[in-house]
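Note that our numbering has the sequence shown beginning at 13, numbered continuously upward. For each residue, glycine too, the CB sits at the ideal point set by N, CA and C. Quick caveat: nothing in here was measured; it's all calculated off a predicted structure.
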Amino acid sequence: MVKVKELPREEYIERGHAACGGCGATIAIRHALKALGDNTILTVPACCMSVIQGLYPRNGLSLPVLNTAFMTAAAAASGLAAGLKHLGKDKEITLMAWAGDGGTYDIGIQALSGAAERQTNFIYTCYNNAAYGNTGMQRSGATPYGSYSTTTPTGKRQHRKPMARIMAEHGIPYTGVISAAYPRLVYDTYKKAKDIVGTRFIEIHIPCPTGWRYETWKTVEMGKLAVESGAWIMWEMEGDEYRFLGRSKLIAEGKAKRKPLIDWIKPQGRFRFLRKDPEMMAEYERGIEREWEILKKLVGT
Ligand SMILES: Cc1ncc(C[n+]2csc(CCOP(=O)(O)OP(=O)(O)O)c2C)c(N)n1
Ligand code: SF4
Ligand SMILES: [Mg+2]
């Protein structure tokens with residue numbers, strides 16, 4: 013894994029960005045762009061990132077960005093990919109769509125699935141803060157079971173969609189599931205993805221103090237607790253080989269003990285109904301264990 017001292021000094025997220033204090037998305041994009049470097053073009057649909065990077069008259073990213081409609085991140089990237097190929101610049105320029113979970117799991121899945129089926133040459137990032145953040149925290153297909161949102165005022169009654177597994181099943185060359193709480197892993201994942209040709213799908217868990225309702229300084233702690241408790245599982249698929257990553261690998265191999273789920277749930281206001289309802293807690297846990305079992309079979313542990 014890259015050492016902190018080896019991280020490039022270049023910064024592509026500027027002081028003019030408009031994220032909330034403690035936003036995990038800025039940690040994620042900062043390290044992703046350090047790995048991708050100067051020759052990168054982004055397409056960003058309506059989401060927190062479109063505000064973070066482009067709240068007129070300021071500009072939060074020092075790279076070319078095409079801001080697009082909510083459902084069109086992958087469609088816009090498909091057009092850009094065709095244009096770069098036509099110009100003979102598809103090898104020297106990295107193309108990345110950077111979309112939220114609502115823009116990926118829900119409204120953007122059709123364009124994304126089409127782009128993956130066509131083996132479009134781009135990196136698609138879903139940064140997952142588990143709700144529609146930009147419009148005030150409505151539930152998305154990525155909102156966890158039991159979580160409060162403005163449209164699930166007593167806690168969501170559906171489990172999160174297994175978006176990354178759905179993408180891996182498209183037969184794309186790379187899928188990675190990581191967390192903003194581990195910036196060096198973010199960097200390494202993008203460094204690897206950059207050199208692969210075809211559709212690469214990366215999902216990053218993004219602690220969001222505004223939506224998850226915890227103190228802003230606890231962002232890295234919250235991201236780590238999600239992984240340490242097993243609520244968020246980090247893995248990758250390269251070719252047809254699945255592997256667990258980082259702390260999730262240690263947990264899967266029995267080399268690290270999982271922290272109790274309550275340690276992750278308790279500090280977050282969005283889980284205030286879940287933690288008081290034993291039946292809902294049991295259902296939330298059942299969904300997590302199901303995901304572990306499926307991934308263990310895919311990895312072969
Ligand atoms: C067709 C359409 N419907 C609704 C909206 C309003 N809208 C803008 S951003 C957004 C939420 C985006 O959520 P997500 O993709 O999870 O990104 P986040 O804001 O959480 O970063 C919505 C509903 C829109 N721009 N276009
Ligand atoms: S709502 Fe959450 S994801 Fe969006 S900018 Fe604020 S902290 Fe970041
Ligand atoms: Mg979101």
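#### Entry: heavy atom of ligand 2 below 7 Å from residue 141 C-beta
Translated into positions along the sequence shown, residue 141 becomes position 129. Result yes, Cβ under 7 Å from ligand 2.
### Query
What's the C-alpha gap between residue 249 and residue 187?
Taking the first residue of the sequence shown as position 1, residue 249 is located at position 237. Taking the first residue of the sequence shown as position 1, residue 187 is located at position 175. Cα to Cα, the separation comes out at about 5 Å.
### Message
Determine whether the beta carbon atoms of residue 116 and residue 61 lie at a separation below 8 Å.
### Response
Within the sequence shown, residue 116 is the residue found at index 104, counting from 1. Within the sequence shown, residue 61 is the residue found at index 49, counting from 1. Against a cut-off of 8 Å, the Cβ pair of residue 61 and residue 116 comes out as no contact.
### Message
Let me confirm a value: residue 147 is counted as buried when at least 16 other C-beta atoms fall within 10 Å, else exposed. Which label applies?
### Response
One-based indexing of the sequence shown puts residue 147 at position 135. When all chains shown are included, residue 147 counts as exposed.
### Message
Could you pull the DSSP bridge partners for residue 27 from this structure?
### Response
Along the sequence shown, one-based indexing puts residue 27 at 15. According to DSSP, which records beta bridges pairwise, residue 27 is partnered with nothing at all.
### Contact test: residue 191 Cβ vs ligand 3 heavy atom, cutoff 7 Å
Counting from one through the sequence shown, the residue named residue 191 turns up at place 179. False, no ligand heavy atom lies under 7 Å from that Cβ.
### Query
For the candidate residues 17, 119, 121 and 154, whose alpha-carbon lies nearest to that of residue 143?
On the sequence shown, residue 143 is found 131 positions in, with the first residue counted as 1. Residue 154 is the option with its Cα nearest to residue 143.
### Task
Quick one: grab the DSSP three-state call for residue 280.
The count along the sequence shown starts at 1 and reaches residue 280 at position 268. DSSP, reduced to helix, strand and coil, places residue 280 outside both helices and strands of the structure shown, so it counts as coil.
### Query
If we call anything under 8 Å between Cβ atoms a contact, is residue 244 one with residue 254?
Within the sequence shown, numbered from 1, the residue matching residue 244 stands at position 232. Within the sequence shown, numbered from 1, the residue matching residue 254 stands at position 242. No, the Cβ-Cβ distance between residue 244 and residue 254 is not below 8 Å.
### Query
In terms of residue numbering, what span does the alpha helix (DSSP H) encompassing residue 231 cover?
Here residue 231 is taken as the residue at index 219 of the sequence shown, counted from 1. In this chain, the alpha helix (DSSP H) harbouring residue 231 covers 231-240.
### Task
Flag this pair as touching only if the region 27-47 and the region 209-224 have three or more C-beta atom pairs under 8 Å; answer yes or no.
yes
### Task
Identify which residue in 234, 311 and 170 has its Cα closest to the Cα of residue 297.
Within the sequence shown, the letter at position 285 stands for residue 297. The residue with the shortest Cα to Cα distance from residue 297 is 170.
### Query
residue 93 and residue 51: beta carbons closer than 8 Å?
For the purposes of this step, residue 93 is identified with residue 81 of the sequence shown, where counting begins at 1. For the purposes of this step, residue 51 is identified with residue 39 of the sequence shown, where counting begins at 1. Contact flag unset, no.
### Message
Quick check on residue 300: buried or exposed, where buried means 16 or more other Cβ atoms within 10 Å of its Cβ?
### Response
By one-based count along the sequence shown, residue 300 stands at place 288. With 16 or more other Cβ atoms within 10 Å, it is buried.
### Query
Among 138, 118, 180 and 137, which one has its Cα closest to the Cα of residue 150?
Position 138 of the sequence shown, counted from the first residue, corresponds to residue 150. Closest by alpha carbon: 118.
### Cβ-heavy atom distance, residue 260 to ligand 3, below 7 Å
Indexing the sequence shown from 1 puts residue 260 at position 248. No, the beta carbon of residue 260 sits no closer than 7 Å to any heavy atom of ligand 3.
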